[in-house]
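> Note that full-length UniProt numbering has the sequence shown beginning at 1, numbered continuously upward. Yeah, the Cβ is synthetic: ideal placement off N, Cα and C, and Gly gets one too. Here it is, the structure in full.
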Amino acid sequence: RMSRSEEDLSREPEPASSSNPVSRFPAISLLSLDGYKSAYSSMRAPRARPLPTIKVSSESTEVYPETENDDTVSIALSVMDNNHYNKSRRFSTITQLNTGVEKGGVNCDRRVSIEDGALSRKMTGTFGNLALFKDDDDPSAPEHSASMFSAYTTPGPKERATSEHGKKANLGILLGVYLPTIQHILGVTMFIRLFWIVGIAGLGYTTLILLLCSLCTFLTSISLSAVATNGVVESGGAYFMISRNLGAEFGSAVGILFYLANTVATSMYLVGGVEVMLMYLAPWMTLSLGIGGAEEHDGDHSFFGSMLNNFRLYGTLFLLLEVLIVAMGVKFVQLMAPVSLMCVILAVLGIFAGGFANMIHPNVGRKVCELNDSLIMSAPMIEIAKIQGYTMGNISDDYCILCDKSIITDLYCDKDKSDDASCTQMLAHEVECINGFTGFSYNTLIANFWDSYLEEGQSKPHTLAVKRAEVRQDHSSSFFLLLAIWFPAVTGILTGTNMSGDLKDPQKSIPGGTIAATSTTSLIYFGLALIFGSCIDRRVLRDKFGKSIGQDMVVAALSWPTPWIVTIGSFLSTFGAALQCLCSAPRLLQSIAKDDVIPALAPFARVTKSNEPFLGLLFTAFIAECAILLGEVDAIAEVLDFFFLMCYASVNLICFLHSILKAPNWRPRFKYYHWSLSLVGAFLCFFIMFASDWKKALVACVLTFSIYKYVEWKGAKREWGDGIRGLALTTAQYSLLKVEDKDPHPKNWRPQLMLMLTSDWKDKEVTDNRIVSLINLAAQLKAGQGLAIAVGLVKYDKSDLSRKELEEIKTDITRRMAKSRLRGFGKTLVFRQNQAHGTISSLLQSIGIGGLRPNTILLNWPSFDDYDNLVVFAEQVILGIQMENCVLLTKGITAFPEGTDRICGTIDVWWIVQDGGILMLIAYLLKQHKVWRGCKLRVFVVSESSDSRSLEMVQNNLQKHIYQLRIDAELFVVNMNSDDELTREVQEKTLEMEAKRLPRLDEMRARSVTGSYLNESFSNDETLPRSETTKAFARSVSTMIKIGEQGETSFTEGRYADLFADDASRNYSEDASMSNGNGKTESSSKLNVQKMNTAVKLNRVIMENSPDSQLVILTMPIIPKKIEAFINQYMTYLDVASEGLKRVIFVHGSGKEVITTQS
């Protein structure tokens, strides 16, 4: 029978109708109490209703509205245990109750009223997700919240633009993004440099400069809109967005550059404001601070000149003032924002109005004095006029009264030098008084269209100015220099992302507001350039500091109704913008520090009690002061460019990568983007960088790369699902698909290592030195530039291993690999003892992808304490070779050096069997590592021939072969005679070893947990037969080296390589032949004596030639297929052959790893 609650769960939901009040509830799942209250209120009449009271008992949770009407419906959540399900599982049901009679619910004996909003987190989780099948007994089970259906938010800093308890501003497009972005973009450069750029580059090239800069920011705005609408942008603004999409390394590097951009922008705005103040507002405040006697500010703009020193002094004072204002809190800074914006808007309107006013009244424009197409400075003319006793009215209205021959003569001619060239030049031309502000004029437009670049000190092209009289250029100019000076005027497009915390709908406001602001400011710039080019004389446009019009700002002289609207407006706008940058830069630094990816920035994560990053403010002020010491707006702007351009290029690259990779998470709400636009935007950023100044661009790139490597070196412990890792995955997939899954060419063969690690993983307190040493050895082979996979084989019996324990083992393996600097992957493989064969077989067949799969197995020599471990080891070797892998078997692994050791001595390669050169390759790779670099490589070739002539031929030919292999090694040919003088000794030793070893193995086999697992599938495995390639290679290598009469290497049948070749087909059953008295067959005893004879003789030869060798590399004979023969005999003879050696690596090739002599 089903309970009432079960029937409710299994019943089909009723369709919505007016007769069923409950069906009118939106999503009856009751996502939150607020949802319940709104649904309940919408169901009833408009009159007010009391809020429901939630009553909780130990057995259930019920919700009752406090009303007595019959048509009132209450919803009860009954949480109960169900005996038909797992007792650890819980589920919730929703039942409809009558307000008068409680039916269908669980009686409540103990009811406690909970106020609305006072539910615990667990209760909220119950209401939010109905607690369906929640495992209360599992402490690791995650707590679900009512926000299960909310949008996913990328993890990041938790602070918001508004306070934690404050209300969100809910700003729209206009106030939230559009106006703040316009305020940030329209800066001091527009007032004090745009007209000069028009005068130098001409209207045509100025339009090109504006187009390049505006197009760069417009395309970046499109990319920014796509990236910003692909998730929630938290505090940190642009840094948060870039770092979460480019990764911790690149994100931190670009974040630092963005921080420096805001900091240096503070300096540029302050120095620009000081220039406006000292040049146009209060020239009397200029101090004589020149070095080397230069005191006149109107002509001294050298690096250590008086004017620039004034800029540095006053810039520093204004910086201290702004630091004090920012330290008082962000509220004081925000007071300047509307004032600064209004000043900028009024100034721009005044400039446009002035252009039209001059067109209507062309004769009211300011007049200037001109001599031979060069403007004459007004200040020295006024001084001479006063000396000569001229009666002057309002000179600012008409400078024509100063264009007098006598005044110009005193200005140009030196009375002590009658042959003065400047005086002669003056007498040859007439002084003219021209209208510098013509209003809209076609002739002026045509005259200003083409470029007129000047060198430093020139008053016109190819003509040096008379220093004391004519207006001259303070710097040489070029197209790309002007491009660099202008670009900071279009920055500020990232302001909207910084306002995301205060926006009502960021995914709508950021794209619309940013693109609209970028388009508006671009139109303003094009309009201003057109006004300047068509309303102002070319010679006046080249007058950067207004020296020909009485030290007034050229733009201000054009404005209407008064020049002060531009002069004062530009001055106030600079300090407002500087305050904004100085306020945001320390907070950006704090966001980077809080991410904890750059340990050196940790102190800047701290804030004061009022949540102000005071330490970051001091550090920002220090960097800003360093930029102020450059002393000039143009110099600071050139540096500022590269910081902003790197940020903009990163935004474009983010959008490009995501668009190309098409990751499932790339779902921006802004749809009007394309990868080609982002690519063009990134190209423009880098083009402007390197075209402006390739040296500074390289410095910016090197700084970015340095920060990237620093974060990578320190270990960026952050995983943000960034695009760089997505690119790596896509690139890896593409590369794997390009690599064919077939045997590589000998030139491309490299050891792809797979380490099989066995240990007592349960004992976490003890460090297994065998595993550590094996990983160190693999790291010392990394010169092969191959894959490395470390597999931890975990054997379990009855007790289950939790996933957490396996993850700990994997983490421990990965940690040891990282400590040894072995780049690769760590894995764990769990198996039962009776599954060893199938587990290892499946591992060898399935591991790897496509052409990227292990081809070399690295193993430890096992201990003989546990027969089960011997079986697992035998399976690893036999199956590894059957599947055509190279096997490296280390003996004495704990004696191998660590990564910090330095070994001196010899590495001896005993080249007994022709193996394609794998022994030489392993020795060569080891020698490339700093541990073995001090060792000499020696190659020993074993020959059965005793003829000295043959031995000499062997040595000469093999020495030539080694030389062609490009391996430096010393070659020795060793003779191992085939006499039988050791037969009696060997026979006694063989019987003695078998008498000791076999009973021990039998005893361990009896104690083995698997009992009789040595069945046919293990003892005579034919499930994975050798391929024809392997069989052919086995036949070819089972030989000893011999030299023919022609001096060429030939091979004859040998005894070492095929010691166990017959074991692969021989039946080892004790019933196959008659047993002798000791229980062993006669043929078996003879065979064992023969094998032991070869092993002992080989060991004696090795000990005679390599007793003190640091490492001996030996060839392994062909292995038997049967595990019992492998354990009982094969391992014994390997042990005998290497007896007395400190470190040994046995190598068994597959026949594919052939190193070639070709290039």
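(1) Does DSSP classify Gly826 as helix, strand or coil?
(2) From Lys1122 to Ala790, what does the alpha carbon distance come to, in whole angstroms?
(3) When we look at the beta-carbon of Lys927 and count the other beta-carbons within 10 Å, is it buried (16 or more) or exposed?
(4) Which residue or residues does DSSP assign as beta-bridge partners of Asn975?
(5) Check whether the segment 628–644 and the segment 195–202 are in contact - that is, three or more C-beta pairs closer than 8 Å.
(6) If you draw a straight line from the C-alpha of Ile922 to the C-alpha of Thr890, how long is it?
(7) Between Met359, Asp410 and Leu503, which has its C-alpha nearest Ser441's C-alpha?
(8) Going by beta-carbon coordinates alone, are Ile857 and Met689 separated by less than 7 Å?
(9) Let me confirm a value: Lys1097 is counted as buried when at least 16 other C-beta atoms fall within 10 Å, else exposed. Which label applies?
(10) Suppose the cutoff is 7 Å on Cβ atoms and the five residues either side in sequence are ignored; what does the same chain contact list for Gly848 look like?
(11) What's the call for Cys904, buried or exposed, on a 16-neighbour Cβ count within 10 Å?
(12) Based on the DSSP secondary-structure assignment, which residues constitute the bridge partners of Glu970?
(13) Would you list the one or two residues that DSSP bridges to Gly792?
(14) Curious, which full-length beta strand (DSSP E) runs of at least 3 residues does the segment 617–691 contain?
(15) Anyone know if the C-beta pair for Asp908 and Val1112 falls short of 7 Å?
(16) Give me the Cα-Cα distance between Gly934 and Gly899, rounded to the nearest whole angstrom.
(17) As a quick exercise: from Phe614, Arg750 and Leu777, pick the residue whose alpha carbon is nearest that of Leu757.
(18) Excluding five sequence neighbours on each side, which residues of the same chain lie with their C-beta closer than 8 Å to the C-beta of Val254?
(19) DSSP state of Trp910, grouped into three classes?
(20) Could you tell me whether the Cβ atoms of Ala621 and Val323 are closer together than 7 Å?
(21) Taking all protein chains shown into account, do 16 or more other C-beta atoms lie within 10 angstroms of the C-beta of Asp410, making it buried, or fewer, making it exposed?
(22) Between the alpha carbons of Arg949 and Leu919, how many angstroms are there, rounded?
(23) Does the count of Cβ pairs from the segment 349–366 and the segment 591–608 closer than 8 Å reach three?
(24) Would you kindly work out how many angstroms separate the C-alpha atoms of Thr814 and Leu888, rounded to a whole number?
(25) Which of the three DSSP states is assigned to Ser610 in this structure?
(26) Just checking my contact of Thr574 with Tyr269 at CB under 8 Å: how many whole Å lie between their CB atoms?
(27) Bridge partners of Phe1146, per DSSP?
(28) So the beta strand (DSSP E) Asn443 belongs to, where does it begin and stop?
(29) Spatial neighbours of Arg312 within its chain, please: CB distance less than 7 Å, with the 5 preceding and 5 following residues excluded, ordered by chain position.
(30) Would you call the segment 511–523 and the segment 178–189 touching, i.e. three or more CB-CB distances under 8 Å?
(31) Using only the alpha-carbon positions, how far apart do Tyr259 and Arg193 sit?
(32) Taking contact to mean at least 3 C-beta pairs separated by less than 8 Å, is the segment 576–584 in contact with the segment 539–553?
(33) If we ignore side chains and look at the alpha-carbon of each, how far apart do Thr93 and Pro664 end up?
(34) Here's a check: name, in chain order, each residue in its chain whose Cβ is nearer than 7 Å to the Cβ of Val1136, leaving out the five neighbours to either side.
(35) Are the segment 554–573 and the segment 276–286 in contact at 8 Å, needing three or more beta carbon pairs?
(36) Just the Cα atoms here: how many angstroms apart are Ile967 and Glu944?
Considering the structure as presented:
(1) DSSP places Gly826 within a strand segment (E or B) once states are collapsed to three.
(2) 26 Å
(3) buried
(4) Ser943
(5) No: the two stretches stay apart, fewer than three of their Cβ pairs being nearer than 8 Å.
(6) 13 Å
(7) Met359
(8) Between Ile857 and Met689, the gap from beta carbon to beta carbon reaches 7 Å or more.
(9) buried
(10) Excluding sequence positions up to five before and after Gly848, its CB lies within less than 7 Å of the CB of Pro854, all in the same chain and listed in chain order.
(11) Residue environment for Cys904: exposed (fewer than 16 other C-beta atoms within 10 angstroms of its C-beta).
(12) Arg938
(13) DSSP output for Gly792 lists Leu757 and Thr828 as bridge partner(s).
(14) none
(15) yes
(16) 14 Å
(17) When the alpha-carbon of Leu757 is set against those of Phe614, Arg750 and Leu777, the nearest one is in Leu777.
(18) Tyr239, Ile242, Ser243, Leu246, Met646, Cys647, Ser650 and Thr704
(19) strand
(20) yes
(21) buried
(22) 26 Å
(23) They do not touch, by the three-pair rule.
(24) C-alpha separation (whole angstroms): 21 Å.
(25) coil
(26) 5 Å
(27) Leu889 and Leu1114
(28) That residue, Asn443, is in no beta strand (DSSP E); its alpha helix (DSSP H) goes Tyr442 to Ala447.
(29) Contacts found: Ile628, Leu629 and Gly631.
(30) yes
(31) 25 Å
(32) no
(33) Confidence at Thr93 is low in this model, with a pLDDT of 39, below 50, so its placement is unreliable and no value can be given for it.
(34) Met1092, Ala1095, Val1096 and Asn1099
(35) Pairwise C-beta distances place the segment 554–573 in contact with the segment 276–286, as three or more of them are shorter than 8 Å.
(36) Distance between the alpha carbons of Ile967 and Glu944: 26 Å.
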